[in-house]
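The block underneath contains the structure these notes are about, expressed in structure tokens.
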Amino acid sequence: MPDLLPVGVSVRDLVGEPAGGPLLPEERAALGPVSEQRRREFAAARRCAREAVRALGLVPGPLPPGPDRAPVWPGGLVGSLTHCRGYTAAAVAPRSGFRTVGIDAEPCRPLPRGVLAKVADARERAHLASLPPGVPWDTVLFSAKESVYKAWHPLARTWLGFADAALVIDPAAGAFTATIGVGGPVTGFTGRFAVRGGLVLTAIALEEPCA
Ligand SMILES: CC(C)(COP(=O)(O)OP(=O)(O)OC[C@H]1O[C@@H](n2cnc3c(N)ncnc32)[C@H](O)[C@@H]1OP(=O)(O)O)[C@@H](O)C(=O)NCCC(=O)NCCS
Numbered sequence: 188m189p190d191l192l193p194v195g196v197s198v199r200d201l202v203g204e205p206a207g208g209p210l211l212p213e214e215r216a217a218l219g220p221v222s223e224q225r226r227r228e229f230a231a232a233r234r235c236a237r238e239a240v241r242a243l244g245l246v247p248g249p250l251p252p253g254p255d256r257a258p259v260w261p262g263g264l265v266g267s268l269t270h271c272r273g274y275t276a277a278a279v280a281p282r283s284g285f286r287t288v289g290i291d292a293e294p295c296r297p298l299p300r301g302v303l304a305k306v307a308d309a310r311e312r313a314h315l316a317s318l319p320p321g322v323p324w325d326t327v328l329f330s331a332k333e334s335v336y337k338a339w340h341p342l343a344r345t346w347l348g349f350a351d352a353a354l355v356i357d358p359a360a361g362a363f364t365a366t367i368g369v370g371g372p373v374t375g376f377t378g379r380f381a382v383r384g385g386l387v388l389t390a391i392a393l394e395e396p397c398a
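In terms of this note's numbering, the sequence shown is residues 188 to 398.
Right under this line is the structure:
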């Protein structure tokens, strides 16, 4: 994940099953009663986030989920978390340089039957069919849309459905663009992807325009 994001975004990741880690009281209270697996992934993501915050030269604090499940980052920071089987990551950046960040990881395999029709329209499905074979492009699209949602939601505070972003993947550049089809704070995102180590990784970092 780190090489998918620009300089200035601090990224920490963990490969393998999450061993968990300590939670701060605010985090424990917000998480509530959950399965051991959920507690471990939640804690592993916070461990990555704390390391990423420390790498920015800051002292990490609690990172509870808000009512919409989005992590409540301390003032001055934007960031994003992801976890899937065998992988956990956190990306954190100063708000002075970045408007929003969104990251996602998925196992590198095709989507379950029937899912693609729910997350991609006919034009996107035709686009995926035109891409070189050997990569589960449906999962790249799905993950990119998850990254779009994680980048969009902290800015807009509104729902964004799978039909509300039109994805185009550039396989040679390892990049994608998402055109947002609803009104809001941004009209689109560009992001990067990688397919390696049994994972599909996608990442977006929207920089603040220079003053
Ligand atoms: C929220 C969602 C994107 C999470 O993705 P996922 O692949 O299921 O799970 P991941 O492990 O990659 O990410 C989970 C993390 O996302 C973050 N997250 C959850 N809701 C969020 C939100 N509203 N905004 C930003 N980040 C959010 C959390 O940090 C969560 O980890 P945590 O619960 O341990 O804190 C997904 O469950 C969802 O609701 N998708 C529907 C919306 C969507 O994708 N629309 C497409 C728009 S084009």
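Don't be surprised by glycine CBs; every beta carbon is placed ideally from N, CA and C.
Based on Cα-Cα distance, which residue from the options lies nearest to residue i?
i: P294; options: S267, F329, R237, H340; result: F329
i: Q224; options: R310, S197, G273, G321; result: G273
i: T364; options: P358, G375, G370, G371; result: G375
i: P258; options: V246, A242, R237, L243; result: R237
i: V164; options: L388, R379, H314; result: There is no way to answer for residue 164, as the model of the chain reaches only from 188 to 398.
i: L386; options: V322, D351, E394, G378; result: V322
Using a 10 Å radius around the Cβ and a threshold of 16 neighbouring Cβ atoms, would you call residue i buried or exposed?
i: D200; result: buried
i: L191; result: buried
i: T326; result: buried
i: G297; result: The residue you asked about is not Gly; residue 297 is Pro in the sequence shown. The residue is exposed, with fewer than 16 neighbouring Cβ atoms inside 10 Å.
i: T345; result: exposed
i: A398; result: Because the pLDDT at A398 is just 49, under 50, the model does not fix this residue reliably, and the point stays unresolved.
i: P205; result: buried
i: R234; result: buried
i: S197; result: buried
i: G253; result: exposed
i: A307; result: buried
i: P193; result: exposed
Apart from the five residues on each side of it in sequence, which residues of its chain come closer than 7 Å, Cβ to Cβ, to residue i?
i: A232; result: L268, H270, T275, A277
Report the three-state DSSP secondary structure of residue i (helix, strand or coil).
i: C295; result: coil
i: S317; result: coil
i: E394; result: strand
i: L192; result: coil
i: P341; result: helix
i: L303; result: helix
i: S283; result: coil
i: A331; result: helix
i: V382; result: strand
i: V240; result: helix
i: D357; result: strand
Tell me which residues share the same chain as residue i and place their Cβ nearer than 6 Å to its Cβ, disregarding the 5 neighbours each side in the sequence.
i: A343; result: G371, P372
i: L347; result: Y336, W339
i: G263; result: R282
i: T366; result: A353, G375
i: A230; result: G207, G208, L210
i: P396; result: none
i: P189; result: V198
So, at 8 Å on beta carbons, what are the nonlocal neighbours of residue i in its own chain, with the 5 sequence-adjacent residues on each side left out?
i: L318; result: W324, I356, P358
ask   = Which whole runs of the beta strand (DSSP E) in the region 195-222 are 3 residues long or more, in chain order?
value = 197-202
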